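Peer 1: Protein sequences appear in the order of chains A and B.
Each residue of the first sequence is one higher than the one before, counting from 3 in the numbering used here.
Each residue of the second sequence is one higher than the one before, counting from 81 in the numbering used here.
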Amino acid sequence: EAGVAQSPRYKIIEKRQSVAFWCNPISGHATLYWYQQILGQGPKLLIQFQNNGVVDDSQLPKDRFSAERLKGVDSTLKIQPAKLEDSAVYLCASSLGGTSADEQYFGPGTRLTVT
Amino acid sequence: AQKVTQAQTEISVVEKEDVTLDCVYETRDTTYYLFWYKQPPSGELVFLIRRNSFDEQNEISGRYSWNFQKSTSSFNFTITASQVVDSAVYFCALRGTGGSYIPTFGRGTSLIVHP
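(1) So, with DSSP's three-state summary, where would you put VAL75/A?
(2) What are the start and end residues of the beta strand (DSSP E) that includes VAL93/B?
(3) Any contact between the segment 146-159 of chain B and the segment 5-18 of chain A? By contact I mean 3 or more CB pairs, one from each, below 8 Å.
(4) Grab the span of the beta strand (DSSP E) containing GLY111/A for me, first residue to last.
(5) With contact counted as at least three CB pairs below 8 Å, one residue from each stretch, are the segment 168-180 of chain B and the segment 107-116 of chain A in contact?
(6) At a Cβ cut of 8 Å, what residues of the segment 121-141 of chain B count as close to chain A, listed as they run along the chain?
(7) Is TYR113/B closer than 9 Å to LEU128/B when the C-beta atoms are compared?
(8) Please name the residue in TYR105/B, TYR144/B, ARG175/B and GLY178/B whose C-alpha comes closest to that of LYS96/B.
(9) Grab me the residues of GLU136/B's own chain with a C-beta within less than 8 Å of its C-beta, minus the 5 sequence neighbours each way, in chain order.
(10) What does ARG143/B touch in chain A if you count any residue whose Cβ is under 7 Å from its own?
(11) Determine whether the beta carbon atoms of GLU90/B and THR189/B lie at a separation below 9 Å.
(12) Using a C-beta cutoff of 9 Å, does ALA7/A count as contacting chain B?
(13) How would you write the range of the beta strand (DSSP E) that VAL91/A sits in, first residue to last?
(14) Strictly by DSSP, which residues pair up with CYS103/B?
(15) Just the C-alpha distance for ALA69/A and GLY44/A, rounded to the nearest angstrom, thanks.
(16) Would the beta-carbon of GLN82/A fall within 9 Å of that of SER20/A?
(17) If you measure beta-carbon to beta-carbon, which residues of the segment 65-93 of chain A are closer than 8 Å to chain B?
(18) Are GLN86/B and CYS103/B close, meaning C-beta to C-beta below 9 Å?
(19) Check whether the Cβ atoms of ALA22/A and THR101/A sit closer than 9 Å, and answer yes or no.
(20) In whole angstroms, what separates the C-alpha of ASP59/A from that of LYS80/A?
(21) Thinking just about the alpha-carbon of each residue, which of TYR181/B, SER92/B and GLY142/B is nearest to the one in VAL164/B?
What follows is the structure, encoded as structure tokens:
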């Protein structure tokens, strides 16, 4: 079974530029999560999708971050414009269901460096 | 609000030593789930275990064991006879079922096992 795929793996941009990350979840998984992991910290949930609807985006900085999951499969996370403090690893995860009990499967992440 | 505390930032042991990683949590939910994940240098978080708040039985899986104590709000993880391959960052996570269903991760404990 293929795991969660993410691209690119690494990205370096200058502040005020825009960037987009892509995630392809495990086939059949209804729920998709985007996390931000700053160096030395645990992952922080940015947004959770159930199929193509948003379940929670309370921790997403909506003035610069946006995410979509068209057709309930792939998802993209965009930052526009980027700030220095956005330097982090962006992790995508998926789960079969959307309950608190569901095991999440994580992708390898995209390491973003903003200079 | 939910909180997960992993007070040990880094633990260094020699191979074959036993090691315990501590996790203390706070939640107002009566039903909740606790998780442990392993993050090797490759970056991908790997699910290790899930525990629900009504199941305080300890669990053993090979060299891994978990001790859940509701009275002290702790969910500790022990690796017996550690191996170099156990070197990774380990995260404890909490997910409630009421208003606190957003996953909350601790800051992680970096385990270094020396040969």
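Each residue gets a CB set at the ideal place from its N, CA and C atoms; glycine is no exception.
It should be emphasised that the depicted structure is a prediction, and the values quoted were computed from it without experimental measurement.
Peer 2: Let's see:
(1) Start at 1 with the first residue of the first sequence, and residue 75/A comes out as number 73. Coil, per DSSP.
(2) Along the second sequence, read from residue 1 onward, the residue named residue 93/B stands at position 13. Run containing VAL93/B: 90-94, per the beta strand (DSSP E) assignment.
(3) Fewer than three pairs of CB atoms, one per stretch, sit closer than 8 Å, so the segment 146-159 of chain B makes no contact with the segment 5-18 of chain A.
(4) On the first sequence, residue 111/A is found 109 positions in, with the first residue counted as 1. Note, GLY111/A: premise wrong, no beta strand (DSSP E); not H, not E.
(5) no
(6) SER122, GLY123, GLU124, LEU125, VAL126, PHE127, ARG130 and ASN132
(7) Translated into positions along the second sequence, residue 128/B becomes position 48. Translated into positions along the second sequence, residue 113/B becomes position 33. The answer is no: Cβ separation not under 9 Å.
(8) Position 16 of the second sequence, counted from the start, is the residue given in the question as residue 96/B. Nearest of TYR105/B, TYR144/B, ARG175/B and GLY178/B to LYS96/B, Cα basis: TYR144/B.
(9) As a working mapping, residue 136/B is identified with position 56 in the second sequence. Around GLU136/B: PHE148, GLN149 and LYS150.
(10) The count along the second sequence starts at 1 and reaches residue 143/B at position 63. Residues of chain A passing the Cβ test: none, with the nearest at roughly 21 Å.
(11) Within the second sequence, residue 90/B is the residue found at index 10, counting from 1. Within the second sequence, residue 189/B is the residue found at index 109, counting from 1. Cβ distance < 9 Å, so GLU90/B and THR189/B count as in contact.
(12) Numbered from its first residue, the first sequence carries residue 7/A at position 5. By this cut-off, ALA7/A is not an interface position.
(13) For the purposes of this step, residue 91/A is taken as residue 89 along the first sequence, with counting starting at 1. Looking at the DSSP string, the run of the beta strand (DSSP E) that includes VAL91/A is 90-97.
(14) Along the second sequence, read from residue 1 onward, the residue named residue 103/B stands at position 23. Per the DSSP secondary-structure output, CYS103/B pairs with nothing in a beta bridge.
(15) Within the first sequence, residue 69/A is the residue found at index 67, counting from 1. Within the first sequence, residue 44/A is the residue found at index 42, counting from 1. Approximately 21 Å between the Cα atoms of the pair.
(16) The residue you call residue 82/A lines up with position 80 of the first sequence. The residue you call residue 20/A lines up with position 18 of the first sequence. Yes; because the gap between Cβ atoms is below 9 Å, this pair is in contact.
(17) Of all residues in the segment 65-93 of chain A, only VAL91 and LEU93 place a beta-carbon less than 8 Å from a beta-carbon of chain B.
(18) Numbered from 1 along the second sequence, position 6 holds the residue referred to as residue 86/B. Numbered from 1 along the second sequence, position 23 holds the residue referred to as residue 103/B. Taking 9 Å as the Cβ cut-off, GLN86/B and CYS103/B qualify as a contacting pair.
(19) Position 20 of the first sequence, counting from 1, holds the residue named residue 22/A. Position 99 of the first sequence, counting from 1, holds the residue named residue 101/A. It is not a contact, given that the beta carbons lie outside the stated cut-off.
(20) As a working note, residue 59/A is residue 57 in the first sequence. As a working note, residue 80/A is residue 78 in the first sequence. When rounded, the distance between both Cα atoms is 14 Å.
(21) Locating residue 164/B in the second sequence gives position 84, where the first residue counts as 1. For the set TYR181/B, SER92/B and GLY142/B, the Cα lying nearest the Cα of VAL164/B is the one of SER92/B.
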